[in-house]
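So the structure is just underneath, and the comments pick up after that.
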Amino acid sequence: MSFSSSEMQALVSKGLLAQPLPNLYVLGTIHIGSKSADDVNRVLNSVQPSTVIVELPPSRLPTILKSKNIMQQYSDEIDGSKQKIASNPRKTSLIQVIATLPSMAGAGLSIAGFPGMMVMISLLWPSLVKQTWSLKNSEQKGHELERRNEFEVAVAVANILGASVVAADWELEELVQRLASSLTVLDWIQLMWGGLVLEPLGIQPIDPLQRKSDESSVEWEERRRDIWTARASLEHAQTYTPAVDQVLVHGRNQYFAELCLKEIYSQEETMEGEGNVGSSQLKPIVCIVGLAHVDGVCEICRKQADIYEVV
1 MSFSSSEMQA LVSKGLLAQP LPNLYVLGTI HIGSKSADDV NRVLNSVQPS TVIVELPPSR
61 LPTILKSKNI MQQYSDEIDG SKQKIASNPR KTSLIQVIAT LPSMAGAGLS IAGFPGMMVM
121 ISLLWPSLVK QTWSLKNSEQ KGHELERRNE FEVAVAVANI LGASVVAADW ELEELVQRLA
181 SSLTVLDWIQ LMWGGLVLEP LGIQPIDPLQ RKSDESSVEW EERRRDIWTA RASLEHAQTY
241 TPAVDQVLVH GRNQYFAELC LKEIYSQEET MEGEGNVGSS QLKPIVCIVG LAHVDGVCEI
301 CRKQADIYEV V
């Protein structure tokens, strides 16, 4: 199944899709709504990749592949007449998310001691609460965002296309450990002072990714589906939470890019063994990550391609 070039060009014009190397495509997603899932469907069916690199921890991949509900839910993705996929019926209430605080605090404590607990209760848990509140507020106003998980779609469609899937994100334990070991006392003071005092008083601007008070959920989704919103959020993070940004964004950018380059290099080694050399012979690879990572992954891949002897 192929999609019109105009659809692909629309993704490129918004900065959602980039091609840093001849056989590498990087697609950015936004983790809310359903349009990112549609983007994944379009790109994978159009490019027909041999490998799909997905922002998922390795432990999550077998769960998705073994889930008959998830795989069946997206079984029609290969059919171009069914570009829309079933909505995800799984929902979590705001009360349920708030109630996870003790368990998340305990998990952080067991992973990295007191710093790990602080990571959970001051960074990860508030992020879940904010996003859940924004989505639930949309429902109450009659503007519910239909949610389809783009990463589950990626795994399911790749499976149908016969492409291999590389789970490319850190496990939660590693993420918490990296944050806990990277943040200093001054970093924590800056985080708490900004989040608890300056932002509520309007002295410090909020992250541009957050939903505005007068913004509908549809408008919020559309605004986030643009590379300039992601870049504004990155600039905000670099200014007000640089230590967190270094781990969550730059550290993971490097990890995603290295996996892309290693996959290309692996293809080249195989082709050299078969007597075929040249970028035109390489099979397409699609890397699917959060939109905030697209610029960084592309830049690293372009700069480090020679290290991996990518043609």
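According to my numbering, the sequence shown is numbered sequentially starting from 1.
Ideal Cβ placement from N, Cα and C applies to all residues, glycine included.
Item	Value
Given a threshold of 16 other Cβ atoms within 10 Å of its Cβ, counted over all protein chains shown, does TRP193 qualify as buried or as exposed?	exposed
Counting only the same chain and skipping the five closest in sequence on each side, list residues whose C-beta sits under 6 Å from that of LEU128.	VAL97
Please state whether the Cβ-Cβ distance between MET71 and ASN149 is less than 8 Å.	no
Quick check: the Cα distance between ALA243 and VAL197, rounded to an integer number of angstroms?	19 Å
Leaving out the 5 sequence neighbours to the left and right, which residues in its chain are closer than 7 Å to ALA107 when beta-carbon positions are compared?	MET120
How many Å lie between THR51 and ALA163 at the Cα?	5 Å
Check ALA318 in the structure and name its three-state DSSP category.	Within the shown structure, residues of the chain are numbered from 1 to 311, placing residue 318 beyond reach of any answer.
Hey, would you say ALA232 sits closer than 8 Å to ILE300, going by beta carbons?	no
Where do the N-terminal and C-terminal ends of the alpha helix (DSSP H) with LEU186 fall, by residue?	185-193
Give me the Cα-Cα distance between ILE32 and ASP39, rounded to the nearest whole angstrom.	13 Å
Please report the distance separating the alpha-carbon of GLY116 from that of LEU124.	11 Å
When DSSP labels each residue in this structure, what does ALA99 get in the three-state scheme?	coil
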